[in-house]
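Engineer: Structure below; questions to follow.
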Amino acid sequence: LLPKTHPSDNNTTHEFEIECDKAHKVCFGDVQVRKYTVVLGDNPSCSSGLPLSLDWNYTELPKISVEDYECHHCQRRNSCQLKLSAEMRKDILMGDPSVSPDEVRLAERKLYRERKSKGT
Numbered sequence: 020l021l022p023k024t025h026p027s028d029n030n031t032t033h034e035f036e037i038e039c040d041k042a043h044k045v046c047f048g049d050v051q052v053r054k055y056t057v058v059l060g061d062n063p064s065c066s067s068g069l070p071l072s073l074d075w076n077y078t079e080l081p082k083i084s085v086e087d088y089e090c091h092h093c094q095r096r097n098s099c100q101l102k103l104s105a106e107m108r109k110d111i112l113m114g115d116p117s118v119s120p121d122e123v124r125l126a127e128r129k130l131y132r133e134r135k136s137k138g139t
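Its first residue numbered 20, the sequence shown is counted upward by one per residue in our numbering.
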């Protein structure tokens with residue numbers, strides 16, 4: 020693959036051409052990363068602990084080129100690394116200044132009662 024960079028509509032577009040066939044091109048624009056707030060969720064399939072959800076609110080990080088993103092982003096995690104234990108989810112909620120410890124305790128009690136009434 021041969022990287023080529025050229026300006027297009029005030030954005031940088033990154034082309035990668037396959038050496039053997041110059042007629043086919045793939046173009047990538049800049050990468051825009053959003054960081055979403057994590058909130059107490061309501062997922063009924065969460066079998067232990069409190070479920071988490073992404074809030075509607077997010078922060079946009081500055082746009083970066085595909086090459087810069089690929090050089091600096093964290094390595095992709097496998098499915099086991101993506102799972103959060105009940106304790107880790109609780110720690111995430113407790114670390115959020117907008118969520119009080121009382122809210123977490125109330126949510127835990129409510130969830131416990133709901134699971135007990137359903138027999139799970």
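Glycine is no exception: its CB is placed at the ideal position from the N, C-alpha and C atoms.
1. How long is the line joining the alpha carbons of P63 and L103, rounded to whole angstroms?
2. Are the region 71 to 83 and the region 43 to 59 touching by the rule of at least three beta carbon pairs closer than 8 Å?
3. Return yes when the Cβ of S72 is within less than 7 Å of the Cβ of V58, no when it is not.
4. Could you tell me which of Q100, E89, T56 sits nearest to P116, measuring between CA atoms?
5. Quick one: does N97 have its CB under 7 Å from some CB of chain B?
6. Out of E122, E89, G60, which has the shortest C-alpha to C-alpha gap to W75?
Structural biologist: According to the data block:
1. 16 Å
2. yes
3. yes
4. T56
5. Absence of chain B from the displayed structure is noted, only one protein chain being present.
6. G60
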